[in-house]
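Inspection log for the structure reproduced underneath, given as structure tokens.
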Amino acid sequence: MILPSTKKQALLIEKTAKFVVEKGADYETSISSKASSNKNLCFLLPGDPLNGYYKYVVSLMKDKIYILIPEHQEEENASESDEEYLSPLLMRKRKQHPEPSAAPKPKKAGNFSIFYKSNENDVIIQPKLYFEWYERFYNGPSPYYPNILPKIIKPPEQLAAGIRAQAEQVAKNGREQEKVFTNSDASGSKHMQFTNPYYMFYQQYLFKRAVEIEEAIKEEERQKAAQEEGEIIEEALGDSADVEEEELQRQMERRQKAHLFLKTILSQKRKQSTEDKKAV
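Right, dumping it as structure tokens:
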């Protein structure tokens, strides 16, 4: 999906979408007739690159999950240079380093409307870990890499349960399972498209379960390796014990032979001594 390249263009699309949602399809038809003669309204035409973005904003507004920029923010945005404009999907996070003695400054609103409602109960995903996992799992970068992840919107519980169930299967069977779901039930797997409002809810659960499964496999491999190492050590110790036992047996045999040899010599000496006495 192509995003607006300037704040002015983004605000015009936002305002138009707002009026269309408020006044209905007839209003959209009336202004669409002027689009061919007004290049600023070309996004209303189906073949225009920004038409998909405009339709997406309209759908988010209808679902009441698109937050409009306040009037004072629009004026502030309009006074800034368009050359500095970046959409939220292209903005990098910048670390702020306030002076220790300075009072904390109030957060400035973003240069663009927020797609997703904030929720204090949302699970916070560490972008670095998520992006690294995403590239391993999908064999390619996330559509949000290396930028800001959108807010997580929790769907109704019944839908959330279905999304979690599908994410569980994808986590276990790999990304090919996604294709199975999208090919067999396109309407029931819309959350697997990154333009869907519930995409990050799906990704959050998939990320969590996939990492848990990865760790479980690694732990199983570690335990198996430790068991094999233990068996090798036990076998080596067993061989060593056998060697020691054989050596002791040989020593006993040598001692017995030596004892018999000495006994024979003593017996011969005693016999010789007796014979010598008789001769005298």
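Just so you know, we're using our numbering here: the sequence shown kicks off at 584 and counts up by one. Ideal Cβ placement from N, Cα and C applies to all residues, glycine included.
{"Asked": "Same chain, Cβ closer than 6 Å to GLU761, neighbours up to 5 away in sequence not counted", "Found": "VAL753 and MET775"}
{"Asked": "Helix, strand or coil at SER684 according to DSSP, with G and I counted as helix", "Found": "Confidence at SER684 is low in this model, with a pLDDT of 45, below 50, so the placement of that residue is unreliable and no value is reported for it."}
{"Asked": "Secondary structure of PRO587, DSSP reduced to three states", "Found": "coil"}
{"Asked": "Counted within 10 angstroms of its Cβ, other Cβ atoms place TYR781 as buried (16 or more) or exposed", "Found": "buried"}
{"Asked": "The stretch 627–642 touching the stretch 595–603, judged by at least three CB pairs closer than 8 Å", "Found": "yes"}
{"Asked": "Proximal residues to LEU627 (C-beta, below 8 Å), its chain only, five neighbours per side dropped", "Found": "THR599, GLU611, ILE614, SER615, ALA618, ASN634 and TYR637"}
{"Asked": "Contiguous alpha helix (DSSP H) assignments of at least 4 residues, all confined to the stretch 715–764", "Found": "740–756"}
{"Asked": "Segment limits, alpha helix (DSSP H) that includes ILE708", "Found": "Taken as a continuous stretch (DSSP letters only), ILE708 belongs to no alpha helix (DSSP H), as it is neither H nor E."}
{"Asked": "Test item: CB-CB of LEU712 and ALA750 under 7 Å", "Found": "no"}
{"Asked": "ALA600 in three-state terms, based on DSSP", "Found": "helix"}
{"Asked": "Residues of its chain near PHE784, where Cβ-Cβ distance is below 8 Å and the 5 sequence neighbours each way are ignored", "Found": "ILE735, ILE736, LYS737, PRO738, ALA743, ILE746 and HIS774"}
{"Asked": "Neighbour-count burial assignment, LYS622, 16 or more Cβ in a 10 Å radius", "Found": "exposed"}
{"Asked": "Run of the alpha helix (DSSP H) containing ASP609, from where it starts to where it stops", "Found": "608–615"}
{"Asked": "Burial state of GLN786, where buried means 16 or more other Cβ atoms lie within 10 Å", "Found": "buried"}
{"Asked": "LYS591 versus SER620, LEU624, PRO724 and ALA608, residue with shortest Cα-Cα distance", "Found": "LEU624"}
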